[in-house]
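Novice:
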Amino acid sequence: MALDNSKQIDFNAPGLRLFLDSAEPREWERFLPLGVFYGVTTNPLLLQRAGQACTLKNMATLSGQAAKLVFRELQMQVWGDTSDEMCESGRQLAQLAAPGMEVVIKVPATEDGYQVARRLAQSGARITMTAVYTPGQVLLAAGFGAAYAAPYLGRMLDAGQPGRDIVLAMHEILKTTGGASRLLVASLRQAAQVVDLAQLGLDTFTFGAAVAAELFTSDLTDQAAAQFQAAALDMGGQK
Ligand code: G3P
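Be aware that the sequence shown starts at 801, since it is given in the numbering used here, and climbs by one per residue.
1. Kindly indicate which residue of 824, 958 and 833 has the alpha-carbon position closest to the one of residue 854.
2. Per DSSP, which one or two residues make a beta bridge with residue 871?
3. Just checking my contact of residue 1002 with residue 971 at CB under 8 Å: how many whole Å lie between their CB atoms?
4. Comparing C-alpha positions only, which one of 995, 999, 873 and 953 sits nearest to residue 988?
5. In the DSSP output, which residue or residues are listed as bridge partners for residue 952?
6. With a cut-off of 6 Å, give the chain-ordered residues whose Cβ is closer than this to any heavy atom of ligand 1.
7. Tell me whether residue 876 sits in a helix, a strand or coil according to DSSP, three-state version.
8. Spatial neighbours of residue 814 within its chain, please: C-beta separation below 6 Å, excluding the five flanking residues on both sides.
9. To the nearest angstrom, report how far apart residue 998 and residue 832 are at their CA atoms.
10. Tell me, which residues are paired with residue 821 by DSSP?
11. Quick check on residue 804: does DSSP put it in helix, strand or coil?
12. Can the beta-carbon of residue 984 be found closer than 8 Å to that of residue 933?
13. Using a Cβ-Cβ cut-off of 6 Å (strictly less than) and excluding sequence neighbours within five positions of residue 926, which residues of its own chain qualify?
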């Protein structure tokens, strides 16, 4: 499907944003044409899981593949042993934006990461501070003016932390301070986690293909759809 390049993106527009957390083009091709995802998020771990090289050459190939699909924003993460190397990968990734497909650069929310993020933001990049675990880190991301702060809910729970409460505290901070950063809840393992947080007013989530498939699955909907078609055929609804 062709992209509608006439769409003007209002980055501050309120409302739901769903991201597919995947570096696997087959998963992009399955879910993005369904039209519900605002964007795609990737990182080196997701590249590793998908067997995709973490090289600028491959990122250019992947973003070219992604740009043919229906969504607005591709988030890609810096890598490098030094701040300079991280900045360089981030600058090159930022250049992979295409008509109708904005790029956001993800940077781990370490002290060094902020140095990198500042340099990238000065050259015009929009930033996601990622691998966020504490409400204080969200305060910092908002102070910085990051477009997104991405807490890792599932990993908090794995570490025995009260992840839901922590994520809700982060949400509260952004709500009460009027911070413009969006809380991009990541490391979601079940559809129920997304639904639970959405009921509490969180509106920006990234999850992988398994959670996406879970959200799309309902036996009762499948049964109803089959009944509709059977009734249509019964009542002359032939081609
Ligand atoms: O985007 C977050 C993700 O890469 C971490 O998720 O499932 O490895 O905890 P997970």
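Think of the CB as a built atom: it goes at the ideal place given N, C-alpha and C, for glycine as much as any other residue.
Bear in mind the structure is a predicted one, so any value in this text is a computation, not a measurement.
Specialist: Reading it off the structure:
1. In the sequence shown, the residue the question calls residue 854 occupies position 54. Closest by alpha carbon: 824.
2. Counting from 1 along the sequence shown, the entry for residue 871 is found at position 71. Partner(s): none; residue 871 has no beta bridge.
3. Position 202 of the sequence shown, counted from the start, is the residue given in the question as residue 1002. Position 171 of the sequence shown, counted from the start, is the residue given in the question as residue 971. The Cβ separation is near 6 Å, so the contact holds.
4. Within the sequence shown, numbered from 1, the residue matching residue 988 stands at position 188. Nearest of 995, 999, 873 and 953 to residue 988, Cα basis: 953.
5. As a working mapping, residue 952 is identified with position 152 in the sequence shown. 986, per the DSSP bridge assignment.
6. 821, 841, 843, 845, 846, 952, 954, 955, 986, 987 and 1006
7. Numbered from 1 along the sequence shown, position 76 holds the residue referred to as residue 876. The answer is strand: DSSP assigns residue 876 an E or B state.
8. Taking the sequence shown and counting its residues from 1, the one referred to as residue 814 is at position 14. Cβ neighbours of residue 814 beyond the five flanking positions: none.
9. By one-based count along the sequence shown, residue 998 stands at place 198. By one-based count along the sequence shown, residue 832 stands at place 32. Taking the straight line joining both Cα atoms gives about 21 Å.
10. On the sequence shown, position 21 is the one that residue 821 refers to. Per DSSP, 841.
11. In the sequence shown, the residue the question calls residue 804 occupies position 4. With a pLDDT of 49 at residue 804, under the threshold of 50, the modelled position of that residue is not reliable, and the figure given next carries that caveat. It is coil, neither helix nor strand.
12. Translated into the one-based positions of the sequence shown, residue 984 becomes position 184. Translated into the one-based positions of the sequence shown, residue 933 becomes position 133. Not a contact, by the Cβ cut-off of 8 Å.
13. Residue numbering aside, residue 926 sits at position 126 when the sequence shown is read from its first letter. Same-chain partners within the cutoff: 904 and 947.
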